[in-house]
Amino acid sequence: MTATTTADRGQSRDFGPSARAVAETVTDPELPLLTLADLGVLRDVRDQNGTVVVEITPTYSGCPAMGVMRADLVHALHRAGFPDVDVRTVLSPAWSTDWISAEGRRKLAAGGIAPPGPAPARTSGPVPLSLGPTQRTASCPVCGSPDTEEISVFGATACKAMRRCRTCAEPFEHVKEI
Amino acid sequence: MREETVYDALDHAHGGEGQWAFGTGFDEPLAGVDTTVPTGIDPADLGEYCLMLGDDALVLAQRLTQWVTAAPELEEEVAVANTALDLLGQARLLLARAGSVGALGRSRERATPSIPDEDALAYFRDPDEFRNTGLVEAPGGDFGQTMVRLLVAATVRLAVFAQLRTSRDPVLAAIAAKGVHELTYHRDHAARWVLRLGDGTPTSHSRAQAGVDAVWPLLAEVFSPTDVERRLTAAGVAIDPAGTRAEVTAVLTQVLEQATLRVPAWPADVPPRGRTGQHSPELTTLLAELQGLARQHPAATW
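Residue numbers (our numbering), protein chains in the order written: chain X, 1 to 178; chain P, 179 to 480.
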């Protein structure tokens, strides 16, 4: 695996701020109001023998945007003067909505999408069954009311659920916890 | 090189020769992932096992996709399509892992050389080369039966994936760890539908019960390990499906009882069928739909 932990990142020399700064400007193809860095999809940018190695992780296994993300990162870095770019997928640890930054959450809310609450705890062993209505809460991004209900746990993209505000009746999307 | 559109950028990134028209083309799911096989693991067995898990997901995704434009309500159509997309993503990762250890069989001879391994496996294998269980290939029936089958298939797969998180193959372990979160959503969503339908109107109850009765016999082969699974379980790579029986039985019993549905007699175990390439004619029909266009135009690009 090429997954890097915080501990072994120290072994590779960083390019300095520039390559990382360029990569951090690239936006998500499906949520263009957020950068890949805001989403926690951009895992690492480092120098490896003169090549910019960028690591990204898919939000969901079926994320159809990975190819576009890879091309956008390569394109942005080429334009910024980095000719050798290697974008690698890392699968482990699996992406979590807890990795969405505070800035990313602010941008989501400003864009009318309710940000996720804390992700379910990751445990080993069997996954308990949940049969009741989902207990997630999300405030309406339009009027701010906390009185909202889930319409469907699946939305227009893999990472979003659909909710409705009981106060202003506006439907809205919610990045679901994973 | 001018790159004015996303297509230009993608095309440039892949040599500017156009993309195969039917598959995944631009996006390699294991790009940059270390696919070295740890010592002591037989690559042929690992590849065969990844085909089993990958084919389960690919075939079930295709079955679920058949509901698109036909689901009872728009929100549910989106949910079914989302579930299928997650499974398709798992299938891509697993077929790519199978390809990375050379488990390509005759597919590579039939497919155009530029087509990625995962697509060669998905589009250019014949039915007897598929390794999915009969549970996922049976026609979906009505919406109630579809949700019962999804409940059963997701419960089995989640139990398997939860244990595979500690597989000695780090790629398989990572795929499983990611899949667990997705499968939890699938299982619990299907379970809530079974509750609503079972404990709903007399019509929804009787149709959900008919779905249960139709799906239950398909469990007969699910807990029977193949020789490949036995060897890989001993090597710390796979899990023996028999070891998931207690969890699967408990989950399904809990859902059905709460849904006021009758739990049928659990079928007696039979030797593995789908895992060894023995399939129903329905798989041939399904694959004809899935593969037909790609096989008629194997070199088409866009």
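Quick reminder that beta carbons are idealized off the backbone N, C-alpha and C, glycines included.
Are the Cβ atoms of residue i and residue j separated by less than 8 Å?
{"i": "X:PRO126", "j": "P:GLU425", "result": "yes"}
{"i": "P:LEU313", "j": "P:LEU299", "result": "no"}
{"i": "P:SER402", "j": "P:PRO348", "result": "no"}
{"i": "P:ASN310", "j": "P:ASP234", "result": "yes"}
{"i": "X:PRO146", "j": "X:SER139", "result": "yes"}
{"i": "P:GLU296", "j": "P:GLY455", "result": "no"}
{"i": "X:LEU36", "j": "X:MET69", "result": "yes"}
{"i": "P:ALA354", "j": "P:ARG343", "result": "yes"}
{"i": "P:PRO294", "j": "P:GLU206", "result": "yes"}
{"i": "P:LEU464", "j": "P:GLN323", "result": "no"}
{"i": "P:THR243", "j": "P:ALA269", "result": "no"}
{"i": "P:VAL326", "j": "P:VAL393", "result": "yes"}
{"i": "X:LYS176", "j": "X:PRO118", "result": "no"}
{"i": "P:ALA386", "j": "P:PRO445", "result": "no"}
{"i": "X:GLU30", "j": "X:ALA71", "result": "no"}
{"i": "P:VAL253", "j": "X:SER152", "result": "Here residue 253 of chain P is Glu; the residue named in the question, Val, does not match the sequence. Contact: yes."}
{"i": "P:ALA472", "j": "P:TYR301", "result": "yes"}
{"i": "P:THR479", "j": "P:GLY280", "result": "no"}
{"i": "P:LEU263", "j": "X:ALA158", "result": "yes"}
{"i": "P:VAL441", "j": "P:THR431", "result": "yes"}
{"i": "P:CYS228", "j": "P:LEU265", "result": "no"}
{"i": "P:HIS457", "j": "P:PRO305", "result": "yes"}
{"i": "X:GLU149", "j": "X:ARG136", "result": "no"}
{"i": "P:VAL400", "j": "P:LEU439", "result": "no"}
{"i": "P:PRO459", "j": "P:ALA289", "result": "no"}
Contact check, residue i vs residue j under 8 Å by CB: the rounded distance?
{"i": "P:VAL256", "j": "X:GLY155", "result": "7 Å"}
{"i": "X:VAL26", "j": "X:LEU73", "result": "5 Å"}
{"i": "P:GLY319", "j": "X:TYR60", "result": "About 27 Å separates the two Cβ atoms, so there is no contact after all."}
{"i": "X:ALA23", "j": "X:LEU108", "result": "Not quite, the Cβ-Cβ distance comes to about 21 Å (not below 8 Å), so this is no contact."}
{"i": "X:VAL142", "j": "X:GLY112", "result": "7 Å"}
{"i": "P:HIS359", "j": "P:LEU328", "result": "Contact doesn't hold; Cβ gap of about 17 Å is too wide."}
{"i": "P:ARG341", "j": "P:ILE417", "result": "Before going further, note that residue 341 of chain P is Gln rather than Arg in the sequence given. That belief holds up - the Cβ atoms of P:GLN341 and P:ILE417 are roughly 4 Å apart, short of 8 Å."}
{"i": "X:HIS174", "j": "X:ALA121", "result": "So it is not a contact: roughly 20 Å between Cβ atoms."}
{"i": "X:ARG79", "j": "X:VAL45", "result": "At roughly 16 Å, the Cβ-Cβ gap does not stay under 8 Å, so X:ARG79 and X:VAL45 are not in contact."}
{"i": "P:GLU407", "j": "P:PRO419", "result": "7 Å"}
{"i": "P:PRO395", "j": "P:PHE321", "result": "With 8 Å as the limit, P:PRO395 and P:PHE321 do not qualify as a contact, their Cβ atoms being about 20 Å apart."}
{"i": "P:ARG453", "j": "P:MET230", "result": "6 Å"}
In three-state terms, what does DSSP make of residue i?
{"i": "P:GLN456", "result": "coil"}
{"i": "P:THR431", "result": "helix"}
{"i": "X:PHE172", "result": "strand"}
{"i": "P:VAL441", "result": "coil"}
{"i": "P:TRP480", "result": "coil"}
{"i": "P:TRP245", "result": "coil"}
{"i": "X:ASP47", "result": "strand"}
{"i": "X:THR27", "result": "strand"}
{"i": "P:GLU467", "result": "helix"}
{"i": "X:GLU55", "result": "strand"}
{"i": "P:THR213", "result": "coil"}
{"i": "P:VAL326", "result": "helix"}
{"i": "X:GLN11", "result": "The pLDDT assigned to X:GLN11 is 42, lower than 50, so where the model puts this residue is not dependable; a value taken from the coordinates is nonetheless given after this. Looking at X:GLN11 - three-state DSSP - the assignment turns out to be coil, as it is neither helix nor strand."}
{"i": "X:THR35", "result": "strand"}
{"i": "X:ASP86", "result": "strand"}
{"i": "P:LEU282", "result": "coil"}
{"i": "P:LEU361", "result": "helix"}
{"i": "X:LEU129", "result": "coil"}
{"i": "P:LEU208", "result": "coil"}
{"i": "P:GLN474", "result": "helix"}
{"i": "X:THR6", "result": "Since pLDDT at X:THR6 reaches only 38, below the 50 mark, its modelled position is unreliable, and no value is offered."}
{"i": "X:MET1", "result": "Bear in mind that the predicted position of X:MET1 carries a pLDDT of just 36, short of 50, making it too unreliable to give a figure here."}
Counting only beta-carbon atoms, is residue i nearer than 8 Å to chain B?
{"i": "X:GLY125", "result": "Checking the listed chains, one finds no chain B in this structure; the protein chains it contains are X and P."}
Does the pairing of the region 98-106 of chain X with the region 27-46 of chain X give three or more beta-carbon distances under 8 Å?
Yes, the region 98-106 of chain X touches the region 27-46 of chain X.
I want to know whether the region 270-290 of chain P touches the region 223-231 of chain P - three or more CB-CB distances under 8 Å.
yes
Evaluate contact between the region 365-373 of chain P and the region 329-341 of chain P, counting only Cβ atoms and requiring at least three cross-stretch pairs below 8 Å.
By the Cβ criterion, the region 365-373 of chain P is in contact with the region 329-341 of chain P, since at least three pairs of Cβ atoms, one from each stretch, lie closer than 8 Å.
Would you call the region 229-248 of chain P in contact with the region 200-210 of chain P, where contact means no fewer than 3 C-beta pairs closer than 8 Å?
The region 229-248 of chain P makes no contact with the region 200-210 of chain P, as fewer than three CB pairs between them are under 8 Å.
At a cut of 8 Å, does the region 48-63 of chain X reach the region 77-97 of chain X through at least three beta carbon pairs?
As far as the Cβ criterion goes, the region 48-63 of chain X touches the region 77-97 of chain X, which means the pair count is three or higher.
3 or more residues per run - each beta strand (DSSP E) lying fully within the region 89-117 of chain X:
None, since the region 89-117 of chain X contains no complete beta strand (DSSP E) of that length.
Decide yes or no for the touch test of the region 314-322 of chain P against the region 343-358 of chain P: beta carbon pairs closer than 8 Å, at least 3 of them.
Look at the beta carbons and you see the region 314-322 of chain P not touching the region 343-358 of chain P: under three pairs across the two are nearer than 8 Å.
Would you mind listing the beta strand (DSSP E) stretches within the region 132-170 of chain X that are 3+ residues and don't spill past its ends, in chain order?
148-152, 160-165
Cβ pair count under 8 Å reaching 3, the region 156-168 of chain X against the region 378-389 of chain P:
no
What are the uninterrupted segments assigned as alpha helix (DSSP H) that are 4 or more residues long and contained completely in the region 287-351 of chain P, given in chain order?
295-301, 312-315, 321-342
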